[in-house]
Amino acid sequence: MVRDLAALKTPDATVMGGQNTKPLNQEKVVEDGNGTLSRKEWTEIHAGTTAAWVAIRDFNAIYREEDRMIGAQVHEAEIKDFSTFIEDTGMNILKHNGREYTWSNGHTYSKIDWALVNAKWMLDILIVEVMVMDPECSDHSPLSLLLAQEEDKRPKPFRFLNHLVKHEKFHEVVTTA
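Under our numbering, the first residue of the sequence shown carries the number 216, and numbering increases by one thereafter.
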C-alpha cells in the first residue's frame, strides 16, 4: 500500500512525521497493510539519503527492558529486533523529556514511540529536546521535536546608563580601566 507521508524537506534536513504534519513537500513511502514500515523498508529509506533526517513515529518496539512497566514479560527477541535495526542503520535515539512512557492501555506502560536521527542530523541540526506530551485522547503520547534557535551573532550595542555617573566609585573605576 502506498500513501502520502508528510515530509518537511530543507536543504539541511528531511523530517518525516505523521498525517497531521503540515508538509512543504510530499514523499511517497511504501507501507504494509498495518500502516507500519518493515525494518527492511526503513533500512532502504535510510540507505537512500545522505541528508540529515529524523524519523518520529510509533515504532511499536521497545529498546530496553526498562521501556516497559508492568504487563507482559519482556523477551529478548522484542528488544533484539529494534536494537539491531538501529545498529544496522546507524540511527541514534534522541533523548526524551517529559513523560517516561509513550503508550499505555491503562495497566501496561511502554516506551514505543521514538525520535531517531542519523549521524548527519546529530552533526548539523541543533536540538533543544524531544518532549513527550500528555496523550489526551489517544493511548499514545505525542512527541514534540523542539529545535534550537540560531543565536544572533551580531554584537550587542553599547549602552551607557547615565545614573552610574552619580555612583561614588564611578570616576575611580573609569580612571583605572
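Ideal Cβ positions, reconstructed from N, Cα and C, are used throughout, including at glycine.
- DSSP, reduced to helix, strand and coil, places Ile277 outside both helices and strands of the structure shown, so it counts as coil.
- Under the three-state reduction of DSSP output, Asn312 falls in the strand class.
- Of the other Cβ atoms in all chains shown, fewer than 16 fall within 10 Å of the Cβ of Ala334; this residue is therefore exposed.
- Considering only Leu341, Thr317 and Ala270, the residue with the shortest C-alpha distance to Glu351 is Thr317.
- A distance of 8 Å or more separates the beta carbons of Ser325 and Ile294.
- In the DSSP annotation of this structure, Ser359 is not part of any alpha helix (DSSP H); the continuous beta strand (DSSP E) holding it starts and ends at Leu358 to Leu362.
- Looking at His355, Trp268 and Ile340, the one whose alpha-carbon comes closest to that of Thr323 is His355.
- Shown here, Asp349 sits in coil according to DSSP, grouped into three states, outside any helix or strand.
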